[in-house]
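Okay, structure first, notes after.
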Amino acid sequence: MGIVYHEFGPWYKNDSRILILGTIPSPKSRKEECYYAHPQNRFWKVISNVLGENYPHTIQDKQTILKKYHIALWDVIYKCEIMGASDSTISNVIPNDIKWLIKKTQIRFIITTGKKAHELYQKYCFDDVLIQDICLPSTSSANGRYSFNMLIKAYNILEKLVK
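In numbering that gives the first Met the number 0, the protein residues as written are 0 to 162.
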(Lines of atoms letter the chains of each structure in order from A and count residues from 1; the text may use other names and numbers.)
(Lines give C-alpha, C1' and ligand atoms only; values in the text may rest on other atoms or scores of the structure.)
Protein backbone atom coordinates (compact mmCIF):
# COMPACT_ATOMS: atom_id res chain seq x y z
CA MET A 1 0.00 0.00 0.00
CA GLY A 2 1.20 3.45 -0.84
CA ILE A 3 -0.12 6.97 -0.55
CA VAL A 4 -1.14 8.34 -3.93
CA TYR A 5 -2.09 11.86 -4.94
CA HIS A 6 -4.10 12.93 -7.97
CA GLU A 7 -1.25 14.67 -9.75
CA PHE A 8 -3.11 16.50 -12.53
CA GLY A 9 -6.31 18.46 -12.74
CA PRO A 10 -9.69 17.85 -14.27
CA TRP A 11 -10.17 18.08 -18.01
CA TYR A 12 -13.06 20.47 -18.52
CA LYS A 13 -14.28 23.59 -20.24
CA ASN A 14 -16.68 26.14 -18.78
CA ASP A 15 -19.41 24.78 -21.06
CA SER A 16 -18.99 21.15 -19.89
CA ARG A 17 -22.38 19.59 -19.18
CA ILE A 18 -21.40 16.00 -18.36
CA LEU A 19 -18.81 14.93 -15.78
CA ILE A 20 -17.33 11.45 -15.93
CA LEU A 21 -15.68 10.41 -12.66
CA GLY A 22 -13.35 7.51 -11.98
CA THR A 23 -11.70 6.70 -8.66
CA ILE A 24 -8.07 7.84 -9.03
CA PRO A 25 -5.67 7.61 -11.99
CA SER A 26 -3.67 4.43 -12.42
CA PRO A 27 0.14 4.57 -12.15
CA LYS A 28 0.32 4.70 -15.97
CA SER A 29 -2.23 7.53 -16.14
CA ARG A 30 -0.39 9.51 -13.44
CA LYS A 31 2.89 9.07 -15.29
CA GLU A 32 1.40 10.27 -18.60
CA GLU A 33 -0.94 12.84 -16.99
CA CYS A 34 -3.72 11.39 -19.10
CA TYR A 35 -6.99 9.86 -17.98
CA TYR A 36 -7.43 6.17 -18.79
CA ALA A 37 -3.91 5.92 -20.24
CA HIS A 38 -3.34 2.22 -19.62
CA PRO A 39 -3.45 0.55 -23.05
CA GLN A 40 -5.70 -2.24 -21.75
CA ASN A 41 -8.30 0.16 -20.38
CA ARG A 42 -11.19 0.31 -22.84
CA PHE A 43 -12.43 3.80 -21.93
CA TRP A 44 -11.25 5.69 -25.03
CA LYS A 45 -12.23 2.87 -27.34
CA VAL A 46 -15.73 2.82 -25.83
CA ILE A 47 -16.17 6.61 -25.78
CA SER A 48 -14.99 7.08 -29.36
CA ASN A 49 -17.18 4.22 -30.56
CA VAL A 50 -20.31 5.45 -28.78
CA LEU A 51 -19.81 9.02 -30.02
CA GLY A 52 -18.97 7.93 -33.58
CA GLU A 53 -15.46 9.40 -33.46
CA ASN A 54 -12.12 8.02 -34.60
CA TYR A 55 -10.02 6.53 -31.81
CA PRO A 56 -8.06 9.37 -30.17
CA HIS A 57 -4.35 8.53 -29.98
CA THR A 58 -3.00 11.73 -28.40
CA ILE A 59 -3.97 13.69 -25.34
CA GLN A 60 -4.99 16.55 -27.63
CA ASP A 61 -7.24 14.22 -29.65
CA LYS A 62 -8.86 12.96 -26.44
CA GLN A 63 -9.45 16.47 -25.15
CA THR A 64 -10.88 17.52 -28.53
CA ILE A 65 -13.53 14.79 -28.34
CA LEU A 66 -14.44 15.76 -24.79
CA LYS A 67 -14.67 19.44 -25.71
CA LYS A 68 -16.85 18.69 -28.76
CA TYR A 69 -19.37 16.81 -26.61
CA HIS A 70 -19.14 19.06 -23.51
CA ILE A 71 -17.73 16.25 -21.37
CA ALA A 72 -15.43 16.78 -18.39
CA LEU A 73 -13.20 14.10 -16.82
CA TRP A 74 -11.97 13.91 -13.27
CA ASP A 75 -11.82 11.51 -10.35
CA VAL A 76 -13.53 11.31 -7.00
CA ILE A 77 -10.25 10.93 -5.09
CA TYR A 78 -7.57 13.53 -4.49
CA LYS A 79 -5.47 11.38 -2.12
CA CYS A 80 -5.70 7.82 -0.83
CA GLU A 81 -3.83 4.68 0.01
CA ILE A 82 -3.93 2.12 -2.78
CA MET A 83 -2.02 -0.91 -3.98
CA GLY A 84 -1.09 -0.42 -7.63
CA ALA A 85 -4.28 0.34 -9.53
CA SER A 86 -6.57 -1.96 -7.55
CA ASP A 87 -9.72 -0.06 -6.54
CA SER A 88 -10.53 -2.79 -4.03
CA THR A 89 -7.51 -1.71 -1.95
CA ILE A 90 -8.45 1.98 -1.70
CA SER A 91 -8.50 3.38 1.85
CA ASN A 92 -8.00 6.65 3.73
CA VAL A 93 -9.69 8.72 1.04
CA ILE A 94 -9.53 12.48 0.70
CA PRO A 95 -11.93 13.47 -2.10
CA ASN A 96 -11.49 16.04 -4.84
CA ASP A 97 -13.60 19.19 -4.56
CA ILE A 98 -16.25 18.20 -7.09
CA LYS A 99 -18.48 21.09 -5.97
CA TRP A 100 -15.78 23.54 -7.12
CA LEU A 101 -15.89 22.05 -10.63
CA ILE A 102 -19.69 22.07 -10.72
CA LYS A 103 -19.68 25.81 -9.91
CA LYS A 104 -17.21 26.55 -12.76
CA THR A 105 -19.18 24.65 -15.40
CA GLN A 106 -22.65 23.82 -16.65
CA ILE A 107 -22.47 20.20 -15.45
CA ARG A 108 -25.91 18.66 -15.02
CA PHE A 109 -25.06 14.96 -15.38
CA ILE A 110 -22.47 12.92 -13.51
CA ILE A 111 -21.37 9.48 -14.63
CA THR A 112 -19.28 7.28 -12.37
CA THR A 113 -17.18 4.57 -13.99
CA GLY A 114 -17.54 1.50 -11.85
CA LYS A 115 -19.02 0.53 -8.51
CA LYS A 116 -16.12 1.88 -6.44
CA ALA A 117 -16.30 5.32 -8.08
CA HIS A 118 -20.06 5.30 -7.45
CA GLU A 119 -19.66 4.29 -3.79
CA LEU A 120 -17.00 6.92 -3.18
CA TYR A 121 -18.99 9.63 -4.96
CA GLN A 122 -22.06 8.81 -2.84
CA LYS A 123 -20.01 8.78 0.37
CA TYR A 124 -17.85 11.85 -0.14
CA CYS A 125 -19.38 14.10 -2.81
CA PHE A 126 -23.12 13.68 -3.32
CA ASP A 127 -24.20 15.73 -0.28
CA ASP A 128 -22.13 18.70 -1.53
CA VAL A 129 -23.12 18.40 -5.19
CA LEU A 130 -26.71 17.08 -5.07
CA ILE A 131 -26.52 15.57 -8.55
CA GLN A 132 -27.37 11.88 -8.61
CA ASP A 133 -24.73 9.96 -10.54
CA ILE A 134 -25.32 7.43 -13.26
CA CYS A 135 -23.19 4.41 -12.41
CA LEU A 136 -21.77 2.71 -15.50
CA PRO A 137 -19.47 -0.32 -15.55
CA SER A 138 -15.74 0.14 -15.23
CA THR A 139 -13.85 0.06 -18.53
CA SER A 140 -10.81 -1.43 -16.83
CA SER A 141 -9.52 -4.71 -18.22
CA ALA A 142 -9.89 -6.01 -14.65
CA ASN A 143 -13.65 -5.85 -15.21
CA GLY A 144 -13.76 -9.04 -17.24
CA ARG A 145 -17.49 -9.51 -16.67
CA TYR A 146 -18.18 -6.85 -19.29
CA SER A 147 -17.28 -7.52 -22.89
CA PHE A 148 -16.56 -4.60 -25.19
CA ASN A 149 -20.05 -4.91 -26.69
CA MET A 150 -21.63 -4.86 -23.24
CA LEU A 151 -19.69 -1.69 -22.39
CA ILE A 152 -20.85 -0.06 -25.64
CA LYS A 153 -24.44 -0.87 -24.77
CA ALA A 154 -24.06 0.57 -21.24
CA TYR A 155 -22.28 3.73 -22.39
CA ASN A 156 -24.80 4.42 -25.15
CA ILE A 157 -26.56 6.65 -22.60
CA LEU A 158 -23.95 9.26 -23.59
CA GLU A 159 -25.66 9.60 -26.97
CA LYS A 160 -28.75 10.96 -25.23
CA LEU A 161 -26.89 13.11 -22.70
CA VAL A 162 -24.69 14.93 -25.23
CA LYS A 163 -27.67 16.19 -27.26
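Positions of the beta carbon are idealized from the N, C-alpha and C atoms, including for glycine.
Computed from a predicted structure; not experimentally measured.
Counterpart residues of residue i in DSSP-defined beta bridges
i	result
A116	DSSP, once it has assigned bridges, lists no residue as partnering A116.
W10	L72
G51	According to DSSP, which records beta bridges pairwise, G51 is partnered with nothing at all.
I17	I70, F108
Span of the beta strand (DSSP E), counted from its first residue to its last, around residue i
i	result
N91	85-94
K78	76-82
D132	132-135
I2	1-4
L129	L129 -> no beta strand (DSSP E), and no H or E assigned at all.
Alpha-carbon spacing of residue i relative to residue j, whole angstroms
i	j	result
Q105	C134	20 Å
W43	R144	18 Å
E6	W73	11 Å
K98	L160	20 Å
R41	P94	25 Å
I89	Y4	12 Å
Q131	E118	12 Å
H37	Q121	26 Å
M82	I23	12 Å
F147	V45	7 Å
G51	I109	21 Å
Y54	W10	18 Å
Where residue i falls: helix, strand or coil (DSSP)
i	result
F147	helix
L72	strand
T111	strand
S183	Residue 183 is absent from the structure shown; the chain starts at 0 and stops at 162.
R29	helix
K162	coil
I156	helix
I46	helix
Q39	coil
Y166	Residue 166 cannot be examined here, being either before or after the span of the chain that is shown, 0 to 162.
T22	coil
T63	helix
CB-CB length for residue i against residue j, believed under 8 Å
i	j	result
T138	T112	6 Å
Q59	S140	Going by Cβ atoms, the distance from Q59 to S140 rounds to 25 Å, so no, they are not a contact pair.
S28	I70	Between I70 and S28 the Cβ distance is about 17 Å, and since that is not below 8 Å, they are no contact.
First and last residue of the uninterrupted alpha helix (DSSP H) at residue i
i	result
I101	97-103
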